[in-house]
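Participant: Residues 30 to 297 in our numbering are what the sequence shown spells out, letter by letter.
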Amino acid sequence: MSTSWDPSLTTPELLTLTRLLGEPARDLAVLAEGNTSQRLDDGRLVVKASGANLGSATAEDFVVVDVDEVMAIVDDPAATQDDLTAVLVAAGATRPDGGPRRGSIETVVHAAVQQVAALLGTGPDVARYIGHTHPTDVVGLLASVRAAEAWERIVYSDEAVVVGRPLFVPYATPGIDLGRIYASGLRQHAERHGALPQLVLLANHGIVAIAPTTAGVEAVSTMAVKGARVRATAYAVGGLAPLTDEQVTKFFARDDIDERRTNLALGR
Ligand SMILES: [Zn+2]
30 MSTSWDPSLT
40 TPELLTLTRL
50 LGEPARDLAV
60 LAEGNTSQRL
70 DDGRLVVKAS
80 GANLGSATAE
90 DFVVVDVDEV
100 MAIVDDPAAT
110 QDDLTAVLVA
120 AGATRPDGGP
130 RRGSIETVVH
140 AAVQQVAALL
150 GTGPDVARYI
160 GHTHPTDVVG
170 LLASVRAAEA
180 WERIVYSDEA
190 VVVGRPLFVP
200 YATPGIDLGR
210 IYASGLRQHA
220 ERHGALPQLV
230 LLANHGIVAI
240 APTTAGVEAV
250 STMAVKGARV
260 RATAYAVGGL
270 APLTDEQVTK
280 FFARDDIDER
290 RTNLALGR
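(1) Take Thr136 and list the residues in its own chain whose beta-carbon comes closer than 7 Å to its own, dropping the five residues that flank it on each side.
(2) Quick one: residues in its chain with C-beta nearer than 7 Å to the C-beta of Thr39, no 5 flanking neighbours on either side, listed in chain order?
(3) Once the 5 residues before and after Ala61 are set aside, which same chain residues still bring their CB inside 6 Å of it?
(4) Going by beta carbon distance, what residues of the same chain come within less than 8 Å of Ala261, once the five residues before and after it are set aside?
(5) What first and last residue would you give for the beta strand (DSSP E) that runs through Gly256?
(6) Would you identify the three-state DSSP class for Ile286, choosing helix, strand or coil?
(7) With a threshold of 6 Å, establish whether the CB of Glu288 neighbours any heavy atom of ligand 1.
(8) Below 8 Å, can you find three or more Cβ-Cβ pairs linking the stretch 99–113 to the stretch 181–198?
(9) Beta-carbon within less than 6 Å of Tyr158's beta-carbon, same chain only, minus the 5 sequence neighbours each way: which residues are those?
(10) Ignoring anything shorter than 4 residues, give me the alpha helix (DSSP H) runs that lie fully in the stretch 101–130, in order along the chain.
(11) Do Ala189 and Phe280 have their beta-carbon atoms positioned less than 7 Å apart in this structure?
(12) Quick check: the Cα distance between Gln144 and Ile134, rounded to an integer number of angstroms?
(13) What is the DSSP secondary structure of Ile239, reduced to helix, strand or coil?
(14) Roughly how many angstroms separate the alpha carbons of Gly127 and Val59, rounded to a whole number?
(15) Hey, could you find the ends of the beta strand (DSSP E) Ile159 is sitting in?
(16) How many angstroms separate the CA atom of Val249 from the CA atom of Leu50?
(17) Which term fits Thr123, buried or exposed, when burial requires 16 or more other beta carbons within 10 angstroms of its beta carbon?
(18) Please state whether the Cβ-Cβ distance between Leu215 and Ala141 is less than 7 Å.
(19) Quick check for students: name the residue ranges of the beta strand (DSSP E) that lie wholly in the stretch 75–99, counting only runs of 3 or more.
(20) Do you know offhand how far Ala172's Cα is from Thr114's?
(21) Can Gly235 be considered in contact with ligand 2, in the sense that its beta carbon sits closer than 6 Å to one or more heavy atoms?
(22) Applying the criterion that 16 or more other CB atoms from any shown protein chain within 10 Å of the CB defines a buried residue, is Pro199 buried or exposed?
(23) Which same chain residues end up closer than 7 Å to Gly160 when comparing Cβ atoms and leaving out the 5 residues on each side of it in sequence?
(24) Shortest alpha-carbon distance to Val63 belongs to which of Pro125, His139 and Asp71?
(25) Say yes only if the C-beta of Glu135 is nearer than 6 Å to one or more non-hydrogen atoms of ligand 1, and no if none qualify.
(26) With distances taken Cα to Cα, identify the nearest neighbour of Glu52 among Ser31, Asp71, Asp206 and Ala86.
Rendered as structure tokens:
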């Protein structure tokens, strides 16, 4: 199926999450930065359209894309940015200003997660909601000389509970270039850990929060910002002293921590 425009498929849950991530006080995104998505039961993806602001988004500001169609472009070495842009246009749908209704070029950031979720066979609900934002505190660290190493280790226990093991993706131009390096990073993470990450850090760019519920996306996004502030403070006073692998493994092995992680992801 091709990209289409059907505001009746934009759920109140997705709309609430989108506006919440766009609240100025959260400092996750300004202007038309960032995008959100929800996976439908039929596998298609409702994703924010290009140019819409998170904070004031309406049901009309989303398009419905076919994950396989988008990822076929990303996975085709001969495909270009123009091919990707073309596939994201909702045929026959125009905005009030006469322009086309088109999925964000960052739709690839959402579609690649669904492709890997399908490969893992972990069930459709693991990644039902995705929020991609550009939080100032996180982008600051991801634009620093510490970017690649900052999240290599967990630095405090509640971060381990909410975020788990994040994935770091080196910088690439947003669009098809980012889509390729990001999809490859997700696949490697899935092979290594047998699961999708809940937080992806995009160098010099932003974050991707992946969760079964909107509350999970909010929690991961909020904790990513807190984790960035904690790291910046630690670097400022001489450097990070992260938790050891042994400490993290011991912590994750506790039954109560497993339960807390599940509850957080489900928004309970
Ligand atoms: Zn972005």
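All C-beta atoms in this analysis are idealised placements derived from N, C-alpha and C, irrespective of residue type, glycine included.
Facilitator: This is what the structure gives:
(1) In the sequence shown, residue 136 corresponds to position 107, counting from 1. Cβ neighbours of Thr136 beyond the five flanking positions: Val76, Val94, Val99 and Leu117.
(2) Start at 1 with the first residue of the sequence shown, and residue 39 comes out as number 10. Around Thr39: Val75, Ala88 and Phe91.
(3) As a working note, residue 61 is residue 32 in the sequence shown. These residues qualify, in order along the chain: Gly80 and Asn82.
(4) Within the sequence shown, residue 261 is the residue found at index 232, counting from 1. Cβ neighbours of Ala261 beyond the five flanking positions: Asp166, Gly169 and Leu170.
(5) In the sequence shown, the residue the question calls residue 256 occupies position 227. Unbroken run through Gly256 is the alpha helix (DSSP H), Thr243 to Ala265; no beta strand (DSSP E).
(6) Within the sequence shown, numbered from 1, the residue matching residue 286 stands at position 257. It is helical.
(7) In the sequence shown, counting from the first residue as 1, residue 288 sits at position 259. For ligand 1, not one heavy atom lies less than 6 Å from the Cβ of Glu288.
(8) no
(9) Here residue 158 is taken as the residue at index 129 of the sequence shown, counted from 1. Excluding positions up to five away in sequence, the list reads Gln67, Ala240, Thr243 and Val246.
(10) 110–116
(11) Within the sequence shown, the letter at position 251 stands for residue 280. Within the sequence shown, the letter at position 160 stands for residue 189. Their beta carbons are under 7 Å apart, which means Phe280 touches Ala189 by this criterion.
(12) Your numbering for residue 144 matches position 115 in the sequence shown. Your numbering for residue 134 matches position 105 in the sequence shown. Rounded to whole angstroms, Gln144 to Ile134 spans 17 Å at the Cα level.
(13) On the sequence shown, residue 239 is found 210 positions in, with the first residue counted as 1. In this structure, Ile239 counts as strand in the three-state DSSP scheme.
(14) Along the sequence shown, one-based indexing puts residue 127 at 98. Along the sequence shown, one-based indexing puts residue 59 at 30. When rounded, the distance between both Cα atoms is 24 Å.
(15) Stepping through the sequence shown from its first residue, residue 159 is reached at position 130. Residues Tyr158 to Thr162.
(16) Counted from its first residue, the sequence shown places residue 249 at position 220. Counted from its first residue, the sequence shown places residue 50 at position 21. Between Val249 and Leu50, the C-alpha separation is close to 11 Å.
(17) On the sequence shown, residue 123 is found 94 positions in, with the first residue counted as 1. Under this definition Thr123 is an exposed residue.
(18) Your numbering for residue 215 matches position 186 in the sequence shown. Your numbering for residue 141 matches position 112 in the sequence shown. Yes, Cβ-Cβ distance for Leu215 and Ala141 is below 7 Å.
(19) 91–94
(20) For the purposes of this step, residue 172 is identified with residue 143 of the sequence shown, where counting begins at 1. For the purposes of this step, residue 114 is identified with residue 85 of the sequence shown, where counting begins at 1. Taking the straight line from one Cα to the other gives about 27 Å.
(21) By its list of ligands, the structure shown excludes ligand 2, since it contains just ligand 1.
(22) Translated into positions along the sequence shown, residue 199 becomes position 170. Pro199 is exposed by the Cβ-count criterion.
(23) Working through the sequence shown from its first residue, we reach residue 160 at position 131. Closer than 7 Å at Cβ, skipping near neighbours: Leu46, Leu50, Thr65, Ala238, Val246 and Ser250.
(24) For this step, residue 63 is matched to residue 34 along the sequence shown. The residue asked about is misnamed: residue 63 is Gly in this sequence, not Val. The shortest Cα separation from Gly63 among Pro125, His139 and Asp71 belongs to His139.
(25) As a working mapping, residue 135 is identified with position 106 in the sequence shown. Yes, Cβ of Glu135 sits closer than 6 Å to a heavy atom of ligand 1.
(26) For the purposes of this step, residue 52 is identified with residue 23 of the sequence shown, where counting begins at 1. Checked all of Ser31, Asp71, Asp206 and Ala86; the closest Cα to Glu52 is Ala86.
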